[in-house]
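Below is one structure; the comments refer to it alone.
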Amino acid sequence: MPANAISPTRAEDYPEWYQQVVRAADLAETSPVRGCMVIKPHGYAVWERMQGILDGMFKATGHVNAYFPLFIPLSYLEQEAQHVEGFAKECAVVTHHRLELGPDGKLIPTGKLEEPLVVRPTSETIIGAMYAKWIQSWRDLPVLINQWANVVRWEMRPRVFLRTAEFLWQEGHTAHATREEAEEETRKMLEVYATFAERDLAMPVVKGPKPAGERFPGAVDTLSIEAMMQDGKALQAGTSHFLGQNFAKAQKITFAGPEGNEEFCWTTSWGVSTRLIGAVIMTHSDDDGLVLPPRIAPHHAVILPISRTDEERAAVLEACCQLQGSLAAASFAGEPVRVKTDARDIRGGDKVWQHIKQGVPVRIEIGPRDLAAGAASLTRRDRGPKEREAIPLAELPARLPEILEEIQQGLFDRAAAFRESRSVRLESAAEVTEYFARDDAGFAWVHVADDPAIAALLDPLKVTVRCIPQDGPDEPGTCIVTGREVPRRSVLARAY
RNA sequence: CGGGGCGUGGCGCAGUCUGGUUAGCGCGCCUGGUUUGGGACCAGGAGGUCGAGAGUUCGAAUCUCUCCGCCCCGACCA
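Just so you know, we're using the working numbering here: the first sequence kicks off at 894 and counts up by one.
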């Protein structure tokens, strides 16, 4: 057997390593439908964890859930000019509503639709149409709605979790009476995403506005959180858009103000998707497979009974059962510890490696020797597969939550240190060119103006301005391309 | 859409150039046995109309034509 469970390793072939991790962890696989993935139970369980936490955060910030149709009339999409331009090239279109059996036994679409329907690539237009109906008075505002849904974007080159033709996400859509309030909402939701990424996914992010060329079609301002993957590339992990009055004007979303004046609403939208699963994989996983931060792990720990004879097995299973009960009574991150016993009749080594590859944070093995000592052998996914520690059974319910917290924090620290080690400050166009020729390139913090002129420098390097980080002190400087004064550095990187 | 590559049991592949016994191999799966604090070993077994269609031929996974699908590179991807 090779030293590592995943082949190739990250260093050998990063993209292939990613695919193999997804496969070895049994998260998802490609489907008969081009560009669409099947999310398998383990992958979906991770998504459900993410959903649960985010949904709670949305509700805590005053939002409610609703559901809007999958289909959008073609004419709706045409309402906002930039929006059409941005999405037109990647839409699935429904033109018929019936099938008839042809003479050769094949099904033929019939019943042509009067107006084609677009499968939503995003829902601004259909939701805006409803908001136009619902909102009449300033007393109706703000409207703060989120929906959990699937969307379809006909991508040219799909990649499991990172870019699939159909994906799951949430999209928040809000309408406000004032510009200030909508802008505040946009920032607030970015903050929710950043907190979730760093606290729950243990994934450090840079947050701030995108340059004009990278904005959501139809948005006045797009804020994003950007994470660094282990190959140094950036991944946009969440976005929050200030839509100004663009959609309100296109869709007549108006309200009567306190003085009887009719005004357009100010709207926002924000979303994160199953891409976050890809982000977690590429942030934490190693050459033995998936590594899950405890807060989003479907199971915090798995108990593995070890026995040879039937008598031993009975005693060991009994002990496992008791331990599972006492551990489940403990809590981590405000929830009961999630623990399961894997008593399947398969070889011990296979079983252990399955759990390693699936990213379970902690493995607890109980065999006759442990039982005699009144202890269990504990191994952690963030350490070597054979680094074990004996812990008295009575102490485990108190120790496990501490260990989970250590793992959660340790994963964040490790990712932050990695990002730091692959970040540089550059002062000239020549330095940028030189830096991105290196194969260990990462984030370059550079003074650049938000100006199309910088494309001449960045395009050949396949580098983009990821965002203009909003945190930290202002650091004015001159743009390395235009020579113009800018208030702070931007983050440049290659991106997924 | 342009360039390249590939379709053979669940997965990974050999065989195709040079047509010819019952289409092989590794992993996985099932059964039995020996094992067991670590991804075991031995034996037996199941599973394939070789992407689809047409053609050449006594005979096609192999040659010819058409079609379909997938992968990689590019274009594209708020």
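Think of the CB as a built atom: it goes at the ideal place given N, C-alpha and C, for glycine as much as any other residue.
Neighbour-count burial assignment, residue i, 16 or more Cβ in a 10 Å radius
i, result
"A1291", "exposed"
"Y1390", "Summary: the structure shown does not reach residue 1390, with the chain confined to residues 894 through 1389, and so no result is reported for it."
"R1237", "exposed"
"H1069", "buried"
"M1175", "buried"
"M1049", "exposed"
"Y960", "exposed"
"E1313", "exposed"
"A904", "exposed"
"E973", "buried"
"G1376", "exposed"
"P1104", "buried"
"N1039", "buried"
"V957", "exposed"
"L992", "exposed"
Beta-carbon proximity of residue i to residue j, cut-off 8 Å
i, j, result
"I1259", "A1212", "yes"
"D1181", "K1250", "yes"
"E1298", "I1373", "no"
"G1111", "F1089", "no"
"T1079", "F1148", "no"
"I1347", "I1257", "no"
"H1193", "V1245", "no"
"H1165", "M950", "This sequence places Val at residue 1165; His is not what is there. It is not a contact, given that the beta carbons lie outside the stated cut-off."
"D1332", "I1300", "no"
"A1308", "V1253", "no"
"V1384", "F1336", "yes"
"A1265", "L1289", "no"
"E1064", "T1015", "yes"
"I1118", "G1131", "yes"
Residue range of the unbroken alpha helix (DSSP H) whose run includes residue i
i, result
"E1156", "Unbroken run through E1156 is the beta strand (DSSP E), E1155 to F1157; no alpha helix (DSSP H)."
"K1081", "R1072 to T1088"
"H956", "Segment: none, H956 is in no alpha helix (DSSP H) and carries neither H nor E."
"A1386", "It is not in any alpha helix (DSSP H) - A1386 instead sits in the beta strand (DSSP E) that spans S1383 to A1386."
Endpoints, the beta strand (DSSP E) within which residue i is located
i, result
"C1360", "T1357 to C1360"
"M930", "M930 to I932"
"V1230", "From DSSP, V1230 is part of no beta strand (DSSP E); its letter is neither H nor E."
"L1055", "Element bounds for L1055: n/a, residue is neither H nor E."
"P1102", "V1099 to P1102"
"L1319", "S1316 to L1319"
"A1208", "Unbroken run through A1208 is the alpha helix (DSSP H), D1203 to A1221; no beta strand (DSSP E)."
"R991", "V986 to L994"
"T923", "A921 to T923"
Which residues DSSP lists as bridging residue i, in chain order
i, result
"D1179", "G1182"
"L947", "In the DSSP output, where bridge partners are listed per residue, L947 has none listed."
"I1259", "P1198"
"Q1129", "E1119"
"W1163", "G1065 and S1133"
"R1281", "T1272"
"W1041", "Q1063"
"S1030", "A1149"
Euclidean distance between Cα positions of residue i and residue j
i, j, result
"T1160", "E1076", "9 Å"
"M1122", "P1097", "10 Å"
"K933", "V914", "14 Å"
"A1120", "G1370", "25 Å"
"S924", "N1043", "16 Å"
"V1113", "T1167", "25 Å"
"C984", "A1025", "24 Å"
"L856", "W1041", "The chain is shown only over 894 to 1389; residue 856 falls outside these bounds and no answer can be derived."
"C1214", "A1207", "11 Å"
"V1083", "W1031", "What sits at residue 1083 in the sequence shown is Leu, not Val. Each residue's Cα considered, the two are about 25 Å apart."
"H990", "P1002", "7 Å"
"E1156", "V1230", "51 Å"
"P1035", "L967", "28 Å"
"G1125", "E1008", "46 Å"
"V1325", "P962", "46 Å"
"A918", "T902", "15 Å"
"A1226", "V1053", "30 Å"
"P908", "D1344", "32 Å"
"I1239", "N897", "21 Å"
"A1087", "T954", "14 Å"
"S1224", "S1178", "25 Å"
"G1303", "V1012", "42 Å"
"Q912", "Q1247", "16 Å"
"M943", "N1154", "42 Å"
"G936", "A1323", "43 Å"
"L1216", "G945", "27 Å"
Any non-hydrogen atom of the ligand GDP closer than 7 Å to residue i Cβ
i, result
"L1304", "As presented, the structure is devoid of all ligands, the ligand GDP included, so that no description of it is given."
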